[in-house]
Structures are given as C-alpha cells and as structure tokens.
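As structure tokens, the structure follows; a few thoughts come after it.
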C-alpha cells in the first residue's frame, strides 16, 4: 500500500473544468500517474521535487493513486470514502471545494447550502451527505477558524449523537428539524443513543 511519494513532476494534465487533473511523478526512474485536485495541481511545479500524500485506491479490476499536498487532505478524502454513496470522484470534488478545516466548519454548522456548492451536489444530496458524513467521517479533530478544535462527533457521547442524527433522518425529519433537536440534547455522562433519541423526539413533538 503506497502512503506517500517523493519525486519530480515530469508531466501534468488538467481538463477545462479542472476535473480529473493528473500528474506524472517520477520517483527513482519510475513514473507514477497520480490523480490530484485542482488546488493540489496548482501547487506543483514541473521539475521540482515534491512530496504527495497518497491514497492507493483499489477496485475489483483496477487501481488508482490519488495525491494530496497535505496529510489532512488525504485523511479527509479517506474519511469521505467511508460515507454512503461517496466514491473517489465525489470525495475529490468535496475536498477540492472545501479543504479539511473548511469542511469541518460546514459539517459543524449543518450548512446544506455550502455543500450545494460542490459540483454535482443538489439540495437533497447535500442533506443526505450532512447526515452521512457527520456519522462516518474518521479523520481527526480539526482546528476551526478561531484556532479551537472542531469535533465532528460533538465530543460527549459523540457516537450516540451521530446515531440519533442518522435515526432522525431515517424517520424523515429535515435538516433544520434535526439541527434544532440536536441543540437540546443533554449529553452529560455517558448517554446512550436510545435515551438521546427520546429527548430529540420530545423536542420535535413540542413536549
């Protein structure tokens, strides 16, 4: 499994819409074709030694290398791949639109409109992504704009909170209702998802 490559960019290719950008990175005489985001491509100069953090992706009959300028970008990309119906193309588009810290802020704020800025993502898809990503992202806690940490699982009872969010979405509640219910949860101690779900449902029922 390839985790990083250090070498020289000897060729680069990008399309008009900056999708599927690719570089040929020569490492000790071997050329590796690496798919990169448009933002990473912009940081790579020909004939200059560079380090790319690599995700080595395998399909049943194929494999591909995805390269990132920072380890956080690679970790975020791999976390995105763990979400339902998020493949490499969509994960790459999300990372290219929102670097890790910005993505953490989008998720922490339940910002559907922001996710709709990702090419190919409509409102319904964005609503599903918010639920899926906050439940499944595995990259580390990231620093927010003010320098403080953003914990995507909301620290106390993080997994239980993520379970409640997913359960409410499955019950048909919209993003705003879910956001309102999540703000009222009492997560002191070690809450379980069942008790938190009851709290959320009482809030939504106006009890």
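Numbering (the working numbering), first residue to last: 169 to 375. Positions of the beta carbon are idealized from the N, C-alpha and C atoms, including for glycine.
Can you tell which of 192, 344, 219 has its C-alpha closest to the C-alpha of residue 294? Locating residue 294 in the chain shown gives position 126, counting from the first residue. Comparing Cα positions, the closest option is 344.
* If we call anything under 8 Å between Cβ atoms a contact, is residue 194 one with residue 175? -> As a working note, residue 194 is residue 26 in the chain shown. As a working note, residue 175 is residue 7 in the chain shown. Yes, the Cβ-Cβ distance between residue 194 and residue 175 is below 8 Å.
Please give me, in chain order, every unbroken run of the alpha helix (DSSP H) with length at least 4 that falls completely inside the stretch 197 to 254. Positions of the alpha helix (DSSP H) runs, each at least 4 residues long and wholly inside the stretch 197 to 254, are given as 206 to 209, 239 to 249 in order along the chain.
Exercise for review: Assign residue 177 to one of three DSSP states: helix, strand, or coil.
Suggested key: The residue given as residue 177 occupies position 9 in the chain shown. The answer is strand: DSSP assigns residue 177 an E or B state.
*asked:* Rounded to whole angstroms, what is the Cα-Cα separation between residue 421 and residue 233?
replied: The shown model of the chain, from 169 to 375, leaves out residue 421, and the question about it has no answer.
Comparing alpha-carbon positions, which option in 287, 335, 177 lies nearest residue 302?
-> Counted from its first residue, the chain shown places residue 302 at position 134. Relative to residue 302, the option among 287, 335, 177 whose CA is nearest is 335.
State the start and end residues of the unbroken beta strand (DSSP E) segment that holds residue 195. Here residue 195 refers to the residue found at position 27 of the chain shown. Per DSSP, the unbroken beta strand (DSSP E) holding residue 195 starts and ends at 189 to 195.
Next item on the list: Under the assumption that residue 280 contacts residue 265 (Cβ atoms under 8 Å), give the Cβ distance between them as a whole number of angstroms.
Entry: Locating residue 280 in the chain shown gives position 112, counting from the first residue. Locating residue 265 in the chain shown gives position 97, counting from the first residue. That pair is no contact at about 14 Å.
_Beta-carbon spacing of residue 263, residue 203 below 8 Å_ = Counted from its first residue, the chain shown places residue 263 at position 95. Counted from its first residue, the chain shown places residue 203 at position 35. Residue 203 sits away from residue 263, with the two beta carbons spaced by 8 Å or more.
**Straight-line gap, residue 268 to residue 248 (C-alpha atoms, nearest Å)** = Within the chain shown, numbered from 1, the residue matching residue 268 stands at position 100. Within the chain shown, numbered from 1, the residue matching residue 248 stands at position 80. Answer to the nearest angstrom: the Cα atoms are 11 Å apart.
Cβ-Cβ distance between residue 288 and residue 261 below 8 Å: Here residue 288 refers to the residue found at position 120 of the chain shown. Here residue 261 refers to the residue found at position 93 of the chain shown. Yes; because the gap between Cβ atoms is below 8 Å, this pair is in contact.
task: Could you say which of 299, 282, 360 lies nearest to residue 339 if we only look at CA atoms?
output: Position 171 of the chain shown holds residue 339. For the residues 299, 282, 360, the minimum Cα distance to residue 339 belongs to 299.
With C-beta atoms as the reference, is residue 337 less than 8 Å away from residue 368?
-> The count along the chain shown starts at 1 and reaches residue 337 at position 169. The count along the chain shown starts at 1 and reaches residue 368 at position 200. With contacts defined by Cβ atoms closer than 8 Å, residue 337 and residue 368 do not form a contacting pair.
Identify the continuous alpha helix (DSSP H) that holds residue 274 and give its terminal residues. Locating residue 274 in the chain shown gives position 106, where the first residue counts as 1. Looking at the DSSP string, the run of the alpha helix (DSSP H) that includes residue 274 is 268 to 276.
Problem set entry | Outcome for residue 244 when other beta-carbon atoms lying within 10 angstroms are tallied against a minimum of 16 | One-based indexing of the chain shown puts residue 244 at position 76. Within 10 angstroms of the beta-carbon of residue 244 lie 16 or more other beta-carbons, which makes it buried.
Expressed to the nearest angstrom, what Euclidean distance is found between the alpha-carbon atoms of residue 278 and residue 196?
One-based indexing of the chain shown puts residue 278 at position 110. One-based indexing of the chain shown puts residue 196 at position 28. Rounded to the nearest angstrom, the two C-alpha atoms are 45 Å apart.
Residues in its own chain within less than 8 Å of residue 231 by CB, not counting five upstream and five downstream?
Position 63 of the chain shown, counted from the start, is the residue given in the question as residue 231. Setting aside the 5 residues that flank it on each side, residue 231 is surrounded in the same chain by 224, 225, each with a C-beta closer than 8 Å to its C-beta; the list follows chain order.
Between the Cα of residue 181 and those of 273, 209, 172, spot the shortest distance and give me the residue it belongs to.
-> By one-based count along the chain shown, residue 181 stands at place 13. Closest in alpha carbon position to residue 181, among 273, 209, 172, is 209.
* Asked: Going straight from the alpha carbon of residue 142 to that of residue 354, what length do you get?
  -> The structure shown has nothing for residue 142, since the chain only spans 169 to 375.
Assuming residue 364 is part of the alpha helix (DSSP H), what are its boundary residues?
In the chain shown, counting from the first residue as 1, residue 364 sits at position 196. For residue 364, the enclosing alpha helix (DSSP H) stretches over residues 361 to 373.
- Message: Please return the same chain residues whose Cβ sits closer than 8 Å to the Cβ of residue 217, not counting the five positions on each side in sequence.
- Response: As a first step, residue 217 is located in the chain shown; it is residue number 49 there, counting from the start. Result list for residue 217: 174, 175, 176, in chain order.
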